[in-house]
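Per the working numbering, numbering of the sequence shown is gapless, rising by one per residue and ending at 788. In this text, a Cβ means the ideal position worked out from N, Cα and C, and glycines have one as well. These numbers were taken from a predicted model, which means no experiment stands behind them.
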Amino acid sequence: MPSSATPPTAALTVDSGAIYDAPIEIGHTALVRAAAFREGYLPSPIATHSYIFPADVLTQPTDPPGWPTTWGTHRIDILGYRAGEPVAADYAMDPEIVNDPAYANQMLDALAALPSVSLVMDMADLDIYFEDPQARGPAAERPVSVEWIYPGAPDRDMQIDAGVRIQGGAGRWEYMPKHSFRLFFHNAYGAGKLAHPVFDNSPVQLFDTLILRAGVDRSYAGHPGAVDAPRDHHEATYTRDEWARASQIAMSGAGSHGAFVHLYLNGLYWGLYNLVERPDGSFMTSYFDGAKTDWFTASHGGAGDGPIDRFNVLLQLAQQGGLQDPDAYATMCEFIDPAQFSDYIILNWYAGNRDWPENNWYANVRNPAGQVRFFEWDAEDTWHPGTPNGAEIHLGGAGFEGAPFPNVIKLVFDALMQNEEFRLLFADRLYRQLANGGALSDAQAEARWQEINAPVERAIVAESARWGDVRYDAPITPQDWRAARDAVLAQMAGNGAALLAQARAAGYYPALDPPTFNPAPDQPPTMGGSPGYAFDGQQVLTFDAAAGTIYYTLDGTDPRQANRGAPAESAQVYAQPLTVDRTTIVKARLFDPATGLWSALAEAMYYPADSTSAVRITEIMYNPLGGDAYEFVEIQNVGERPVDLSNAYFEGIDFRFAPYTVLPPGAYKTIVADFRKFRERYPEAEIDGVYGRKLSNRGETLTLRDVQGVVLAAVTYGVDQGWPLSANGLGDSLVWTGQGDPNQAHNWRASGQINGSPGKEE
Numbered sequence: 027m028p029s030s031a032t033p034p035t036a037a038l039t040v041d042s043g044a045i046y047d048a049p050i051e052i053g054h055t056a057l058v059r060a061a062a063f064r065e066g067y068l069p070s071p072i073a074t075h076s077y078i079f080p081a082d083v084l085t086q087p088t089d090p091p092g093w094p095t096t097w098g099t100h101r102i103d104i105l106g107y108r109a110g111e112p113v114a115a116d117y118a119m120d121p122e123i124v125n126d127p128a129y130a131n132q133m134l135d136a137l138a139a140l141p142s143v144s145l146v147m148d149m150a151d152l153d154i155y156f157e158d159p160q161a162r163g164p165a166a167e168r169p170v171s172v173e174w175i176y177p178g179a180p181d182r183d184m185q186i187d188a189g190v191r192i193q194g195g196a197g198r199w200e201y202m203p204k205h206s207f208r209l210f211f212h213n214a215y216g217a218g219k220l221a222h223p224v225f226d227n228s229p230v231q232l233f234d235t236l237i238l239r240a241g242v243d244r245s246y247a248g249h250p251g252a253v254d255a256p257r258d259h260h261e262a263t264y265t266r267d268e269w270a271r272a273s274q275i276a277m278s279g280a281g282s283h284g285a286f287v288h289l290y291l292n293g294l295y296w297g298l299y300n301l302v303e304r305p306d307g308s309f310m311t312s313y314f315d316g317a318k319t320d321w322f323t324a325s326h327g328g329a330g331d332g333p334i335d336r337f338n339v340l341l342q343l344a345q346q347g348g349l350q351d352p353d354a355y356a357t358m359c360e361f362i363d364p365a366q367f368s369d370y371i372i373l374n375w376y377a378g379n380r381d382w383p384e385n386n387w388y389a390n391v392r393n394p395a396g397q398v399r400f401f402e403w404d405a406e407d408t409w410h411p412g413t414p415n416g417a418e419i420h421l422g423g424a425g426f427e428g429a430p431f432p433n434v435i436k437l438v439f440d441a442l443m444q445n446e447e448f449r450l451l452f453a454d455r456l457y458r459q460l461a462n463g464g465a466l467s468d469a470q471a472e473a474r475w476q477e478i479n480a481p482v483e484r485a486i487v488a489e490s491a492r493w494g495d496v497r498y499d500a501p502i503t504p505q506d507w508r509a510a511r512d513a514v515l516a517q518m519a520g521n522g523a524a525l526l527a528q529a530r531a532a533g534y535y536p537a538l539d540p541p542t543f544n545p546a547p548d549q550p551p552t553m554g555g556s557p558g559y560a561f562d563g564q565q566v567l568t569f570d571a572a573a574g575t576i577y578y579t580l581d582g583t584d585p586r587q588a589n590r591g592a593p594a595e596s597a598q599v600y601a602q603p604l605t606v607d608r609t610t611i612v613k614a615r616l617f618d619p620a621t622g623l624w625s626a627l628a629e630a631m632y633y634p635a636d637s638t639s640a641v642r643i644t645e646i647m648y649n650p651l652g653g654d655a656y657e658f659v660e661i662q663n664v665g666e667r668p669v670d671l672s673n674a675y676f677e678g679i680d681f682r683f684a685p686y687t688v689l690p691p692g693a694y695k696t697i698v699a700d701f702r703k704f705r706e707r708y709p710e711a712e713i714d715g716v717y718g719r720k721l722s723n724r725g726e727t728l729t730l731r732d733v734q735g736v737v738l739a740a741v742t743y744g745v746d747q748g749w750p751l752s753a754n755g756l757g758d759s760l761v762w763t764g765q766g767d768p769n770q771a772h773n774w775r776a777s778g779q780i781n782g783s784p785g786k787e788e
C-alpha cells in the first residue's frame with residue numbers, strides 16, 4: 027500500500043494510502059512506503075524506498091507542497107533577528123548556481139559524486155527541526171527511515187528504521203538553518219544495530235549511533251559571527267574536522283571515521299553532510315573490545331555512561347601533581363596513555379584548534395584498569411586564514427563557567443610536564459609525527475588533505491546551490507570553495523617546522539636537534555614501527571648532528587636510560603660509519619654532556635629489499651585440561667622484518683592489540699583466556715593480553731587482521747579429518763610445524779609436552 031509522492035503526514039494504516047493492485051510508474055522523485063494488512067493479523071513492518079531524480083532536485087522549489095512556510099520563531103535577539111519573529115524557511119536550489127554556465131553542466135554529476143542518505147519521517151515529527159531544534163534527550167527522538175543510496179552500486183543500497191534527534195550545540199539555534207542529526211539504531215525500531223559497511227576504511231560494520239554533521243560554524247549556513255567580527259563563510263571547506271579525525275587515526279591508530287554524503291529529508295535535497303562515528307562507549311567496544319558497560323565516556327558536555335572512578339582518579343592525580351617522582355609518574359601512566367595523549371595534543375596544536383581544549387573533546391576509559399584516551403571532535407575552528415602556517419600552541423584557561431569538568435586537557439598536560447620522562451616522550455612524539463614521513467610531515471598531511479577533499483570538490487556544486495545564498499546576496503560558489511581548500515593546503519607547507527619552532531620556544535622541545543641519518547629513511551613509519559629504508563646487499567649508514575655526542579643502538583632499544591638520564595648499557599658512541607646487512611632498527615639521540623640534555627629520538631629501520639614480514643598463528647590451546655580458562659593462542663613473526671600489530675584484531679575471539687605494538691622477527695606473542703589461571707599453570711610465560719569469547723571445541727576459523735582490516739594470519743582448525751586428536755581435551759595443544767598451508771591438518775602436530783609451550787619454540 028504505497029503512499030503518494032508527497033511528504034508523509036501520518037503513520038501508514040489500513041485506512042490510509044492506496045491499495046496496491048498494479049505496478050506503479052514513477053517518473054519523478056517519490057517516497058514509497060508500503061505495508062501489508064490482513065484481518066486478524068498484526069500489520070507488517072513498513073517498507074520505505076526513496077526514488078530520487080536528480081533532475082527534480084535542480085528545480086527544488088521555494089515553497090514545496092506540504093512543507094511549513096516558516097520554521098518556528100527566533101528565541102533570541104541576534105544580528106538583526108528578533109525574538110518571537112518567524113524563521114524564514116529555506117528549501118530552494120539557487121538558480122544563480124544551477125543556471126550559471128560555469129556550473130550548470132556539473133550539477134547532475136555533483137549529486138552523483140557521493141553516496142546519498144535519505145531520511146523519511148512523518149512531517150509532524152519534523153517538529154524537532156522546524157519548531158524546537160533545542161529539544162534534547164529521548165523525548166526529542168523521532169522514528170525515521172534511513173536509506174543509503176550508492177550511485178552506480180545499487181547492490182550496496184540498504185534501508186533501516188531508526189530514531190533521529192537534532193545534534194549539536196550552537197548549530198541548534200534557529201538562525202542557523204542547516205542543523206545536524208544523530209541517528210539511533212536500537213530494538214525499538216526493529217534491528218538492534220545498523221549492520222552496514224558505512225566507512226570504507228574501517229573494519230567496523232555494526233553501529234549503535236551515527237552523526238550527520240552539517241558543518242555548523244564552518245558551513246555556508248553557519249554561525250554569522252559577532253556583529254563586530256562577522257564570519258567569512260567563503261572560507262568554509264567542510265573538511266577540516268574530517269581531516270583532523272583522519273589524522274588522529276594516522277597518528278595513533280584509532281579515531282572517529284567519517285564519510286561525506288548528500289542528505290535528503292523527505293525527498294528534498296538538504297545538502298552536503300559529514301557522516302561520522304561518535305567516540306562513545308559503543309565506539310570503544312567496536313575498536314577496543316570489551317562490553318559497552320565496561321567503558322566510561324566523558325566529554326565537554328559532561329559525563330556519559332559507565333563508572334567514572336578511573337577518570338576521577340586521573341583528575342585527582344593531576345591536581346595533586348608531584349610527578350617529578352618516578353613512582354608518582356608511573357602511577358599516573360596507569361590512568362593515561364602518554365603517547366596517545368601526546369599525539370592528541372600535537373594534532374590540535376598543529377592545526378591551530380582555537381575552540382579547544384575547554385571545548386570539543388571526548389575521553390574514554392575502560393574499567394577496571396584501562397588508560398584514558400582522548401579523541402578528536404568538532405575540529406572546525408582550525409587552519410585560520412591570514413596566518414602563514416596553521417600551528418598555534420595554546421592550552422586555554424581554566425574552562426567555561428559552569429562546565430561539568432575543568433579544563434581537563436590542560437590540567438593533565440601541565441601535571442605530566444612536571445616529569446622529565448614525559449617531557450622527552452612528548453619531544454619524541456613531536457619529532458616522530460612531524461619529521462621523516464610522519465603522519466604530520468608536510469607530504470603526509472598535504473596528501474591526506476587532498477584525498478579527503480577530492481570527492482567533495484565534485485559535490486560542492488550542489489551544496490553551493492542549496493545553502494550558498496543563505497548569508498550573502500551573491501551566493502558562495504565552488505570557486506570560493508577551491509580557494510578555501512587551497513589556502514589550507516598552502517598553510518600546511520612548512521607547518522611541521524613551524525610547530526617545532528614554537529614548541530622549542532615554549533620549552534616543550536629540546537634545544538638539541540636529533541641526529542640525521544644518511545641515507546635518510548624514505549618510507550613513512552607505520553604507527554608502531556619506524557620509518558624505513560630498503561637496500562640491496564648491504565648499506566653504509568652515517569649520522570650527522572651539531573655539537574654533542576651521538577649515542578645509538580642497533581637492537582631497537584632507547585640509547586638513553588629511562589629515569590636516570592644516562593646512556594643505556596646497550597648504547598654506543600658514534601665514531602665511524604656503520605655497515606648493516608640485515609634488518610636493523612637504528613635509534614639515536616644527541617647528548618650534550620655539558621648540560622645533560624638529550625635530543626628527541628631519531629629512528630629508522632634499514633632492511634634488505636628482498637626481505638619479508640610474515641605473521642603466523644603457531645600454537646592453539648583450544649580444549650585444555652582443567653577447562654576453558656587455560657586456553658591460549660600464540661602468534662610468531664616468522665619473517666625478517668618487524669610487524670606492526672598496532673590495533674590489529676582477531677576474529678573468532680575478541681582481542682585487539684594495543685597501539686604501538688610491534689612484533690620483531692622471530693618473536694612471539696601469547697594471548698590468553700584467563701590471566702590468573704594461565705599464570706598458575708605457566709608462571710614463566712609472557713602474557714600479551716586477555717581475549718574474550720572462548721575458542722570452539724569443535725573447530726573454527728581464527729583470523730588476525732591489521733588496523734586496516736588486511737589479513738595478517740588465518741587458520742581454520744578442526745577436531746577430525748587429520749587434526750591431532752590429543753589436542754581435543756587430552757592435554758596437548760595444536761602446534762604449527764613451521765611449513766605449509768596452516769589450513770591443512772598435516773601441517774599441524776600435537777605439542778611435544780603436556781599443556782603446550784606458550785611463547786617459545788617447542
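Under the three-state DSSP convention, the category S312 falls into: Taking the sequence shown and counting its residues from 1, the one referred to as residue 312 is at position 286. Of the three classes helix, strand and coil, the one that applies to S312 here is helix, per DSSP.
Coarse secondary structure for V736, derived from DSSP in three states: Position 710 of the sequence shown, counted from the start, is the residue given in the question as residue 736. V736: coil per DSSP, three-state reduction.
Where the alpha helix (DSSP H) through E447 begins and ends: Taking the sequence shown and counting its residues from 1, the one referred to as residue 447 is at position 421. 446-460 is the extent of the alpha helix (DSSP H) around E447.
Secondary structure of Y129, DSSP reduced to three states: Looking up residue 129 in the sequence shown gives position 103. Y129 falls in the coil class under three-state DSSP.
Beta-carbon gap between A572 and D548 smaller than 8 angstroms: Working through the sequence shown from its first residue, we reach residue 572 at position 546. Working through the sequence shown from its first residue, we reach residue 548 at position 522. Not in contact: A572 and D548 (Cβ atoms no closer than 8 angstroms).
Neighbour-count burial assignment, T88, 16 or more Cβ in a 10 Å radius: Counted from its first residue, the sequence shown places residue 88 at position 62. It counts as exposed.
Exposure label - Y46; buried when at least 16 CB within 10 Å: Residue 46 sits at position 20 when you count from the first residue of the sequence shown. By the 10 Å Cβ count, Y46 comes out exposed.
Per-residue DSSP class, three states only, for N589: On the sequence shown, position 563 is the one that residue 589 refers to. Reduced to three states, the DSSP call for N589 is coil.
Three-state secondary structure (DSSP) of F79: As a position in the sequence shown, residue 79 is number 53, starting the count at 1. Three-state DSSP puts F79 in coil, outside helix and strand.
Under 8 angstroms between C-beta atoms of L525 and A417: For the purposes of this step, residue 525 is taken as the residue at position 499 of the sequence shown. For the purposes of this step, residue 417 is taken as the residue at position 391 of the sequence shown. It is a contact, given that the beta carbons lie within the stated cut-off.
Alpha-carbon spacing of T503 relative to L567, whole angstroms: For this step, residue 503 is matched to residue 477 along the sequence shown. For this step, residue 567 is matched to residue 541 along the sequence shown. Straight-line Cα distance between these residues: approximately 53 angstroms.
Cβ pair Y577, A597 closer than 8 angstroms: For the purposes of this step, residue 577 is taken as the residue at position 551 of the sequence shown. For the purposes of this step, residue 597 is taken as the residue at position 571 of the sequence shown. Contact: yes.
Contact belief for L343 with T357 at Cβ below 8 angstroms, rounded distance in angstroms: Reading the sequence shown from its first residue, position 317 is the one you call residue 343. Reading the sequence shown from its first residue, position 331 is the one you call residue 357. Right, their Cβ atoms sit about 7 angstroms apart.
Under the three-state DSSP convention, the category A573 falls into: The residue you call residue 573 lines up with position 547 of the sequence shown. Looking at A573 - three-state DSSP - the assignment turns out to be coil, as it is neither helix nor strand.
Three-state secondary structure assigned by DSSP to S29: For the purposes of this step, residue 29 is identified with residue 3 of the sequence shown, where counting begins at 1. With a pLDDT of only 34 at S29, under the threshold of 50, the placement of this residue in the model should not be trusted, and no figure is reported.
Segment limits, alpha helix (DSSP H) that includes E472: Here residue 472 refers to the residue found at position 446 when the sequence shown is read from its first residue. E472 -> alpha helix (DSSP H) spans 468-493.
C-beta contact flag for I123 and Y129 at 8 angstroms: Locating residue 123 in the sequence shown gives position 97, where the first residue counts as 1. Locating residue 129 in the sequence shown gives position 103, where the first residue counts as 1. Yes. Within cutoff.
Three-way DSSP call (helix, strand, coil) for D153 in this model: Here residue 153 is taken as the residue at index 127 of the sequence shown, counted from 1. It is helical.
Proximity winner among R392, P690, S206, N374, relative to G330 (alpha-carbon distances): The residue labelled residue 330 in the question sits at position 304 within the sequence shown. Comparing Cα-Cα distances from G330 to each of R392, P690, S206, N374, the minimum goes to R392.
Cβ pair N415, Q517 closer than 8 angstroms: Walking along the sequence shown from the start, residue 415 turns up at place 389. Walking along the sequence shown from the start, residue 517 turns up at place 491. Taking 8 angstroms as the Cβ cut-off, N415 and Q517 qualify as a contacting pair.
Beta-ladder partner(s) of P634, from DSSP: Within the sequence shown, numbered from 1, the residue matching residue 634 stands at position 608. F561.
Cβ-Cβ distance between D654 and K695 below 8 angstroms: Residue numbering aside, residue 654 sits at position 628 when the sequence shown is read from its first letter. Residue numbering aside, residue 695 sits at position 669 when the sequence shown is read from its first letter. The answer is no: Cβ separation not under 8 angstroms.
Sequence-distant residues of its chain with Cβ nearer than 6 angstroms to S29 (five each side left out): Here residue 29 refers to the residue found at position 3 of the sequence shown. For S29, the predicted model reports a pLDDT of 34, less than 50, meaning its position is unreliable and no value from the coordinates is stated.
As assigned by DSSP and simplified to three states, the class of K786: Here residue 786 corresponds to residue number 760 of the sequence shown, with the count starting at 1. Three-state DSSP puts K786 in coil, outside helix and strand.
Cβ shell of N226 (< 8 angstroms), same chain only, five flanking positions each side left out: Within the sequence shown, residue 226 is the residue found at index 200, counting from 1. Reading off the sequence shown, one finds Asp at residue 226, where the question assumed Asn. These residues qualify, in order along the chain: A285.
Neighbour-count burial assignment, H288, 16 or more Cβ in a 10 Å radius: For this step, residue 288 is matched to residue 262 along the sequence shown. Buried, by the Cβ-count rule.
Chain-order list of residues whose beta-carbon lies under 6 angstroms from that of G725 (same chain, five-residue window excluded): Counting from 1 along the sequence shown, the entry for residue 725 is found at position 699. Excluding positions up to five away in sequence, the list reads Y743, G744, V745.
7 angstroms CB neighbourhood of Q231 in its chain, flanking five on each side removed: By one-based count along the sequence shown, residue 231 stands at place 205. Contacts found: A221, H222, P223.
Neighbourhood of D714 by C-beta, 6 angstroms cutoff - its chain only, sequence neighbours within 5 removed: Within the sequence shown, the letter at position 688 stands for residue 714. Answer for D714: K695, T696, I697, listed in chain order.
G782, buried or exposed, once every other Cβ within 10 Å from all chains shown has been counted against 16: Translated into positions along the sequence shown, residue 782 becomes position 756. The residue is buried, with at least 16 neighbouring Cβ atoms inside 10 Å.
Three-state secondary structure (DSSP) of G98: Position 72 of the sequence shown, counted from the first residue, corresponds to residue 98. Note: G98 maps to strand in three-state DSSP.
C-alpha distance - E303 paired with F314, whole-angstrom precision: As a first step, residue 303 is located in the sequence shown; it is residue number 277 there, counting from the start. As a first step, residue 314 is located in the sequence shown; it is residue number 288 there, counting from the start. Distance from the CA atom of E303 to the CA atom of F314, rounded to whole angstroms, is 15 angstroms.
Close beta carbons around R198, own chain, < 8 angstroms, minus the five adjacent residues each side: For this step, residue 198 is matched to residue 172 along the sequence shown. Hits under 8 angstroms: P159, Q160, I192, H205.
Exposure label - P5; buried when at least 16 CB within 10 Å: Coverage of the chain is limited to positions 27 through 788, which leaves residue 5 absent and any answer about it impossible.
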